[in-house]
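Undergrad: If you read the sequence shown in full-length UniProt numbering, its first letter stands for residue 1, the second for the next number, and so on.
Can you keep this structure in mind? I'll have questions shortly.
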Amino acid sequence: SAVSKFRYFVVENSTVLALLEEPLGNDQDPQPTVTLLIRGGFGRHAWTLQLRHLPRHRSGTKYQHTPNPGRPVPLEDPPPRPHSRHKYFPDSVERIPQCKVDKSIPDLDALFLEDSSGELSELSRLLEKQVVGERRDSSPPCTMDPERECAPPPPCHEFQTARLFLSHFGLLSRLDSNQEPGVPPLVALDTSHPSFCNDLEALDNIGCRTVNTCHVMYVRAGQKQPEHILNNVLSESTVSPHFLEMLLALGWPVKVSQHPGWTGHVATSYKLAHGTTQGDSATESLPSHGGRLFNGDSHVLYWADVSAEIAFVVPTVSRKSKHFDEFQQQDSVWYERSLSACEATDKPRTMSLDLEPHKDPRWSRRHPPTTVMLVWLESYEDHLHFPAAEMMAYTTTGLETQTGPKAQDCFVIFLHALNSGLLRVKLQGPTGRMSIATPLVDGMVISRRVVGSLVRQTALNICRRRRLDNDSYQPPHVRRRMKVQELVSKYRCELTQSELLTYLLTDAP
Numbered sequence: 001s002a003v004s005k006f007r008y009f010v011v012e013n014s015t016v017l018a019l020l021e022e023p024l025g026n027d028q029d030p031q032p033t034v035t036l037l038i039r040g041g042f043g044r045h046a047w048t049l050q051l052r053h054l055p056r057h058r059s060g061t062k063y064q065h066t067p068n069p070g071r072p073v074p075l076e077d078p079p080p081r082p083h084s085r086h087k088y089f090p091d092s093v094e095r096i097p098q099c100k101v102d103k104s105i106p107d108l109d110a111l112f113l114e115d116s117s118g119e120l121s122e123l124s125r126l127l128e129k130q131v132v133g134e135r136r137d138s139s140p141p142c143t144m145d146p147e148r149e150c151a152p153p154p155p156c157h158e159f160q161t162a163r164l165f166l167s168h169f170g171l172l173s174r175l176d177s178n179q180e181p182g183v184p185p186l187v188a189l190d191t192s193h194p195s196f197c198n199d200l201e202a203l204d205n206i207g208c209r210t211v212n213t214c215h216v217m218y219v220r221a222g223q224k225q226p227e228h229i230l231n232n233v234l235s236e237s238t239v240s241p242h243f244l245e246m247l248l249a250l251g252w253p254v255k256v257s258q259h260p261g262w263t264g265h266v267a268t269s270y271k272l273a274h275g276t277t278q279g280d281s282a283t284e285s286l287p288s289h290g291g292r293l294f295n296g297d298s299h300v301l302y303w304a305d306v307s308a309e310i311a312f313v314v315p316t317v318s319r320k321s322k323h324f325d326e327f328q329q330q331d332s333v334w335y336e337r338s339l340s341a342c343e344a345t346d347k348p349r350t351m352s353l354d355l356e357p358h359k360d361p362r363w364s365r366r367h368p369p370t371t372v373m374l375v376w377l378e379s380y381e382d383h384l385h386f387p388a389a390e391m392m393a394y395t396t397t398g399l400e401t402q403t404g405p406k407a408q409d410c411f412v413i414f415l416h417a418l419n420s421g422l423l424r425v426k427l428q429g430p431t432g433r434m435s436i437a438t439p440l441v442d443g444m445v446i447s448r449r450v451v452g453s454l455v456r457q458t459a460l461n462i463c464r465r466r467r468l469d470n471d472s473y474q475p476p477h478v479r480r481r482m483k484v485q486e487l488v489s490k491y492r493c494e495l496t497q498s499e500l501l502t503y504l505l506t507d508a509p
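In C-alpha cells, the structure reads:
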C-alpha cells in the first residue's frame, strides 16, 4: 500500500509527519526531493521540498559536474638542489701546529684496534644493517601506481531526504540522552500494524473546523405570516437595495454543487457533484432577485477561517425539501462534523474539510445546532410580532434532534434601517439565559459599511458560546490532538537515539 512507502513520525506528541523519499531516476530536474504530509490539530497539508544548489530564478544555470575543476598543472620537474658538504671545523684548522694535548684523545681507528671485547664490531654491524634497511624502505617499489591528480568524487544520485529534512529543521538536534522521561519530541511510528491505516483514516476524517448556519429573512412593514415573509426575497422590487448590499457583505457566493465545504444542510455539504445540476441551470433564469438565489438549492453565502465556517442561507417557501425528510428518523451520536452518505455520482472531499464517519454513515446529533436568524425589518415594531416559532420549519440543517428545534432556543438578530442610513440592532435570545454575544449589542446603531463583518462575528460568537456551555464539548483541534496521542500510544517504536538515527540512514521498505 501507499502507507508503507512513507516514514511516519510524531513531533511534540501533536503533529504527524509522513515523509516520502522520492527517487530521482526519471526526474528531469534531479534535485533531492521529499514529499511531506502534515497532520495537525488544524487540518492536514501536503508540501514538496527540494534541496537546491541554486535559487529558482537561476534554475536555467544547471549545476554541471566537471571531473577537472581547473586547478593549475603541478610541476613535474623539481628545481635542482645545490649539493654542499658540511664542515665541522674551518679550513684553517689543518694549518695549526699540534701539541701533545691534541694527541691525548685517540682516534676511532685506534679504538677498533684495541677492541678486545668485540662490542665496537657488533655496533658497526648493526649500523650497516640499519643503513641497508632504510635504503630499501625509502626506494619506491616497482609495482606502485604513478602519482595521479586528485579528482572530485562522482555526483550523488540518491539522498536520504527524510534525514536531511529532520536535520535541517532541527528535529534531530533535540534528541539527547538526558531528555526527560515520557514521550520524546520525535517518535517513529510502526506502519506495519494492520490497523494503522484505519486509525490514520479516522484521524483524517476528524474535521478541523466547526460548522454554523445563519438564516437571513426580510420582513416588510406589518407582515406576520411566514409565507409572506419568505416570498419577499423572490423579487428585487420587494426588498431594500441596502438589504442586498448587506447580503454580499456577509460572505462570498458559492455554488452548492461545486463547493467542498459546509452549505447549510448536511444533504449537500462536503460533496463535489459531477456535471451541472438542475439548480445550477435554474439560477441563470434569475437575473434579478431579492436574495432568493442563496436559498441553498444552488448557491449560498459562505465564509470560513481557520477554526470555523458559516453558511448564510436565505430560505424560501419553494425551497427543495427532498433533503429534509431523510434525516427525520435517525438516532446516532453527533459529531462536530460527520460524513454524509455519498451517492455514486458524488465525489467525496478528501482534504482537511472531510468529516468524521460513524458506524452508521449518516449525520448524527447528540448536541443540536444553534439556530441563528438575521431579520431585516422595515418597521422596528415588527420585532414584537415576528413568528420565530413558525420560521423554525424553514431553518433546518439536518443536525436537529427528533423533537426538532425549539423556538425558545432561537437567537434572532434584528436590523432596522433608519432614515439617516444607519442600522438599529435588536438582539433576541432565550429568556433567563446569558445570550449576549459581542460585537453587536442590543440597542446599538451601526453603519452599513460594517454590518457584514459585525453580524457575521456575532453569529459565530453565539454558536461558539452555546457549544462552550456544554462541559463535555471538545473543539475539533483538541479531538485531533487526542487522536494523534492515541496513535503514539498504539504504534510508537521504542527506539533509542542511536537506533532512530540508524533507522533514518537505512532505506525505506
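For each residue, glycine too, the CB sits at the ideal point set by N, CA and C.
For clarity, every value in this text was computed on a predicted model and none was experimentally measured.
Have a look at alanine 162 and alanine 188 and give me their C-alpha separation to the nearest angstrom.
TA: Taking the straight line joining both Cα atoms gives about 12 angstroms.
Undergrad: How about leucine 422 and isoleucine 446: do their beta carbons lie closer than 8 angstroms?
TA: Contact: yes.
Undergrad: Hey, which unbroken runs of the beta strand (DSSP E) at 3 residues or more fall wholly within the segment 120 to 195?
TA: Fully enclosed beta strand (DSSP E) runs of 3 or longer: 186 to 188.
Undergrad: Alpha carbon to alpha carbon, how far is aspartate 442 from leucine 384? Give it in angstroms, no decimals.
TA: Taking the straight line joining both Cα atoms gives about 14 angstroms.
Undergrad: Pick from Val317, Val10, Gly207, Leu460: whose alpha carbon is nearest that of glycine 291?
TA: The candidate whose alpha carbon is nearest that of glycine 291 is Val317.
Undergrad: Answer yes if the segment 375 to 384 comes into contact with the segment 217 to 226, meaning at least three C-beta pairs across the two stretches below 8 angstroms, and no otherwise.
TA: In short, these stretches touch, since the Cβ pair count reaches three.
Undergrad: Nearest CA to the CA of leucine 495: which residue from Pro184, Arg44, Thr48, Tyr88?
TA: Considering only alpha carbons, the answer is Pro184.
Undergrad: Rounded to whole angstroms, how far is the Cβ of arginine 44 from the Cβ of aspartate 204, which I believe are closer than 8 angstroms?
TA: Their Cβ separation, rounded to whole angstroms, is 6 angstroms, which keeps arginine 44 and aspartate 204 in contact under 8 angstroms.
Undergrad: Enumerate in chain order the residues of its own chain whose CB-to-CB distance from phenylalanine 411 is below 6 angstroms, with the five nearest sequence positions on each side excluded.
TA: Around phenylalanine 411: Val372, Gly429, Ile462.
Undergrad: Report the rounded CA-to-CA distance for proline 369 versus leucine 399, giving the unit in angstroms.
TA: Proline 369 and leucine 399: Cα-Cα distance of roughly 6 angstroms.
Undergrad: Using the three-state DSSP reduction, which class does threonine 268 fall into: helix, strand or coil?
TA: Note: threonine 268 maps to coil in three-state DSSP.
Undergrad: Rank Ala388, Ala393, Tyr394, Thr401 by C-alpha distance to the C-alpha of isoleucine 413 and give the top, closest one.
TA: Closest by alpha carbon: Ala388.
Undergrad: Apart from the five residues just before and just after glutamate 236, which ones in its own chain have a Cβ nearer than 8 angstroms to its Cβ?
TA: Excluding residues within five positions, the ones whose Cβ falls inside 8 angstroms are Leu244, Ser288, His289, Gly290.
Undergrad: Less than 6 angstroms between C-beta atoms, sequence neighbours within five positions excluded: which residues of the same chain meet that for leucine 415?
TA: Counting only Cβ-Cβ distances below 6 angstroms, and skipping sequence neighbours, we find Trp376, Leu423.
Undergrad: I need the straight-line Cα distance from glycine 207 to lysine 490, nearest angstrom please.
TA: When rounded, the distance between both Cα atoms is 22 angstroms.
Undergrad: Which residues in the same chain have their Cβ closer than 7 angstroms to the Cβ of glycine 264, if we skip the five residues on either side of it in sequence?
TA: These residues qualify, in order along the chain: Thr213, Gly296, Val300, Ala311, Val313, Thr397.
Undergrad: Under a three-way DSSP split, which group does proline 42 fall into?
TA: Rather than proline, the amino acid found at residue 42 in this sequence is phenylalanine. Reduced to three states, the DSSP call for phenylalanine 42 is coil.
Undergrad: Threonine 15 and threonine 33: beta carbons closer than 8 angstroms?
TA: No, Cβ-Cβ distance for threonine 15 and threonine 33 is not below 8 angstroms.
Undergrad: Considering only residues of the segment 379 to 426, which uninterrupted alpha helix (DSSP H) runs meet the minimum length of 4 residues and lie entirely inside it, listed in chain order?
TA: DSSP runs (the alpha helix (DSSP H)) wholly in the segment 379 to 426: 388 to 391.
Undergrad: So lysine 255 is in the beta strand (DSSP E); what residue range does that whole segment cover?
TA: First-last of the beta strand (DSSP E) with lysine 255: 252 to 255.
Undergrad: Going by DSSP, what residue range makes up the beta strand (DSSP E) through glutamate 21?
TA: Start and end: 15 to 21.
Undergrad: Kindly identify the DSSP beta-bridge partner or partners of isoleucine 462.
TA: Bridge partners of isoleucine 462: none, in fact.
Undergrad: Between serine 498 and leucine 20, what straight-line distance do the alpha-carbon atoms span, to the nearest angstrom?
TA: Between serine 498 and leucine 20, the C-alpha separation is close to 22 angstroms.
Undergrad: Determine the direct distance from the alpha carbon of phenylalanine 165 to that of tyrosine 270, and round the result to whole angstroms.
TA: If I take the Cα positions, the gap works out to 34 angstroms.
Undergrad: Within this structure, are the beta carbons of arginine 456 and tryptophan 303 separated by less than 8 angstroms?
TA: Closer than 8 angstroms, so yes.
Undergrad: Given a threshold of 16 other Cβ atoms within 10 Å of its Cβ, counted over all protein chains shown, does glycine 40 qualify as buried or as exposed?
TA: Buried, since its Cβ has 16 or more Cβ neighbours within 10 Å.
Undergrad: For glutamate 12, which three-state DSSP category applies?
TA: Residue state, collapsed to three classes: coil.
Undergrad: Among the residues of its own chain, which have a CB less than 7 angstroms from the CB of asparagine 232, if the five just before and after it don't count?
TA: Tyr218, Arg220, Thr238, Val239, Gly290.
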